[in-house]
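**Q** I have a structure here, written as structure tokens, and I will follow up with some questions on it.
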Amino acid sequence: MGRFHRHDDGTTHQHGVAEHHQHDLPSSGDTTAKHDLGDMSGYGTGPERIQVLERIFGENDRTARRNRELLDTNNVVAINMMSSPGAGKTLILQRTLAAMAESTAIGIIEGDIETSIDADRLAGYGAQIALLNTSNGFGGECHLDAPMVRSALGRLTLSELELLIVENVGNLVCPADFDVGAHHRVMVFAITEGEEKPLKYPVMFRSVELLLLNKIDLLPHLDFDMALFERNLRSVNPTVSVLTVSARTGEGFDDWFAWLKHSLVVPTAGEALST
């Protein structure tokens, strides 16, 4: 019994309670005390769970490739935007649509467990919007996957779009594991969330190429240590680009708009993002 683990190359295996990768524990030469990893027997899973998850990821990745091919055929660049709940994705998208929708044909796939609240906030800016509620999943799926996005693509007129932004379900864990067929992965992170989050949720931070550091207008009122956050972030993702923004004031958005415009080049098959 133990813990499921998926590698960047898509292979999967199980960790036993006493079995861990070398990178999970200090080396034998490390004199610091090893952290108590806790009781993982509650997972109650074995090879059957691994096989099920491998099938889930395998089907998801095949659908993601088909999604990307469909987008490429229609010359649409797709961005998977992820964050924790309340980090500011929707307000960032409102500002983005207000500034760019007249010059760029944009579509939004809006993912939420319940309600159309965020999709309603994005209406009226001239963008095509497809809502995905995940509440039919096991208590409400905490992420979007490729088959869900595939269903939403069928409700958009892709031939009329240039840019598609997938606003994923607010969660710092699961969305990073699922390729939805996007060309780029972007994360919104609010400084109110704390400097330690890259260390606590490394898979999410490691999976993105751009991080929008939001709510920067609150910096004078918080004890947020920017240098410490930067060190923590670089320790898990040395190459990620960072743009500091304020969705409330609009600070930093010119750089974000410039990044989006630069991204409007459909990658070739060899350059397309894969997980």
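Quick note on the numbering used here: the sequence shown kicks off at -16 and runs consecutively.
Quick reminder that beta carbons are idealized off the backbone N, C-alpha and C, glycines included.
Touch check for the region 156 to 170 and the region 187 to 198: three-plus C-beta pairs under 8 Å?
**A** yes
**Q** Can the beta-carbon of aspartate 200 be found less than 8 Å from the beta-carbon of glutamate 234?
**A** Yes.
**Q** Please list the terminal residues of the continuous alpha helix (DSSP H) segment that includes arginine 133.
**A** 129 to 136
**Q** Could you tell me which uninterrupted beta strand (DSSP E) segments, each at least 3 residues in length, are contained entirely in the region 78 to 128, listed from first to last along the chain?
**A** Taking only runs of at least 3 residues, the beta strand (DSSP E) segments lying wholly in the region 78 to 128 are 89 to 95 and 111 to 116.
**Q** Taking buried to mean at least 16 other C-beta atoms within 10 Å of its own C-beta, is glycine 137 buried or exposed?
**A** exposed
**Q** What are the partner residues of arginine 168, as DSSP defines its beta bridges?
**A** Asn63
**Q** On a CA-only basis, which of Ser218, Leu182 and Phe236 is nearest leucine 196? Give me that one, please.
**A** Phe236
**Q** With DSSP collapsed to three states, give me the class of serine 229.
**A** coil
**Q** Straight-line CA distance for arginine 104 to histidine 126?
**A** 20 Å
**Q** What does the Cβ neighbour count give for isoleucine 75, buried or exposed, with the cut at 16 atoms within 10 Å?
**A** By the 16-neighbour rule on beta-carbons within 10 angstroms, isoleucine 75 is buried.
**Q** Less than 8 Å between the C-beta atoms of valine 248 and glutamate 145, yes or no?
**A** no
**Q** Which runs of the beta strand (DSSP E) at least 3 residues long sit entirely within the region 146 to 211? Give them in chain order.
**A** 146 to 150, 167 to 173 and 193 to 197
**Q** Quick one: residues in its chain with C-beta nearer than 8 Å to the C-beta of serine 218, no 5 flanking neighbours on either side, listed in chain order?
**A** Excluding residues within five positions, the ones whose Cβ falls inside 8 Å are Pro181 and Leu182.
**Q** Please classify threonine 232 as buried or exposed, where buried requires at least 16 other C-beta atoms within 10 Å of its C-beta.
**A** So threonine 232 ends up on the exposed side.
**Q** Which two residues bound the contiguous alpha helix (DSSP H) that contains alanine 241?
**A** Taken as a continuous stretch (DSSP letters only), the alpha helix (DSSP H) holding alanine 241 covers 236 to 246.
**Q** Please list, in chain order, all residues of the same chain as threonine 227 whose beta carbon is under 7 Å from its beta carbon, the five residues on each side excluded.
**A** Leu196, Ile199 and Gly235
**Q** What residue from Leu216, Ser142 and Gly153 has the CA that sits closest to glutamate 178's CA?
**A** Leu216
**Q** In angstroms with no decimal places, state the Cα-to-Cα distance between arginine 51 and serine 224.
**A** 23 Å
**Q** Near glutamine 111, which residues of its chain fall below 6 Å by C-beta distance, leaving aside the five closest residues on each side in sequence?
**A** If we look at glutamine 111 and ignore the five residues flanking it on each side, its Cβ neighbours are Gly90 and Leu139.
**Q** What's the C-alpha gap between aspartate 95 and glutamate 124?
**A** 9 Å
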